[in-house]
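A short worksheet on the structure shown next.
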Amino acid sequence: MPLFALDNELIFPPADQAEPDGLLAIGGDLSPERLLLAYRSGIFPWYEGEYILWWCPDPRFVLFPDELKLNKSIKKLLNKKEPDRPPGGFEFTINKAFKEVIQLCKEIKRPGQDGTWITDEVEKAYCKLHELGYAHSAEVWKNDELVGGLYGVKLGKVFFGESMFSKISNASRFAFIKYVQQLKEEGIELIDCQVYTDYLESMGAKMIERKEFIQLIKSLAR
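Every position in the sequence shown, counted from 1, becomes a number in our numbering once 29 is added.
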């Protein structure tokens, strides 16, 4: 399959024309209009060097909120209460510190990774989506310090997860589980995790065919 080069026209090639690894197109920009069109098409951006690359892998890694798994240790953490303190000593908030969350996702050191795909341009673009009401963050605090969190984009009944971070053990897991539970209450039916990690698989995420994912997006991400 050819790699499509995007210009100023607000359009993407069909997702099923992606390379075997999911790479579909290069170029374009990170305007709110293009980003929202991408998500509604099942496509997401990922930088490599100075270039914006657009992806739609097959299969796709997703979580259906009803299938969220809680192991014994996380159940204990969620239920652990201390006098005048939240469960596990963690405080959970939503959209209280979006800029701080994306900055920490950008800066946090990750095993096996030399850098980050979250460039200054990406950070600015998603902060703009947050201002417009599309991008959201979930935060975990301990002793008034931001110790874990995640951010992503919400469209219709779909949440498209982008990145998470953790400064201490279980902080990102706590953020993810609490936010999935909140999203379920809000009527979210699908969470896009993009690509496989054993970390998210342990919490119920699984692979589905790209064709099925695109069908779900068409009906749910409105």
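Backbone N, C-alpha and C define an ideal beta-carbon position, used for all residues, glycine too.
In whole angstroms, give me the CA-to-CA distance for residue i and residue j.
i, j, result
"A126", "A34", "35 Å"
"P53", "W84", "The sequence given here places Leu at residue 53; Pro does not occur at that position. Each residue's alpha carbon lies about 5 Å from the other."
"V169", "S231", "20 Å"
"V151", "S195", "20 Å"
"F73", "A67", "6 Å"
"E214", "W75", "30 Å"
"P43", "S192", "25 Å"
"E160", "I246", "23 Å"
"L158", "L175", "22 Å"
"I197", "D227", "19 Å"
"E48", "G78", "19 Å"
"D58", "I40", "11 Å"
"A167", "K105", "21 Å"
List the DSSP bridge partners of residue i.
i, result
"W146", "DSSP output for W146 lists no bridge partner at all."
"A167", "I123, L179"
"L92", "I220"
Return the Cβ separation of residue i and residue j in integer angstroms, given the expectation that the two are a contact with Cβ distance under 8 Å.
i, j, result
"A204", "G177", "5 Å"
"I123", "H165", "7 Å"
"L249", "G185", "5 Å"
"I220", "L92", "4 Å"
"L97", "G216", "About 15 Å; that fails the 8 Å criterion."
"I55", "L99", "At roughly 40 Å, the Cβ-Cβ gap does not stay under 8 Å, so I55 and L99 are not in contact."
"E118", "K171", "Before going on, a small fix: residue 118 reads as Gly here, not Glu. Yes, they are in contact, since the Cβ atoms of G118 and K171 sit about 6 Å apart, within 8 Å."
"L65", "Y180", "At roughly 16 Å, the Cβ-Cβ gap does not stay under 8 Å, so L65 and Y180 are not in contact."
Any idea what DSSP makes of residue i, helix, strand or coil?
i, result
"I246", "helix"
"F41", "coil"
"A73", "The residue asked about is misnamed: residue 73 is Phe in this sequence, not Ala. Strand at F73."
"S201", "helix"
"E129", "helix"
"K104", "helix"
Touch test, the region 120-137 against the region 147-154, Cβ-Cβ under 8 Å, three pairs minimum: yes
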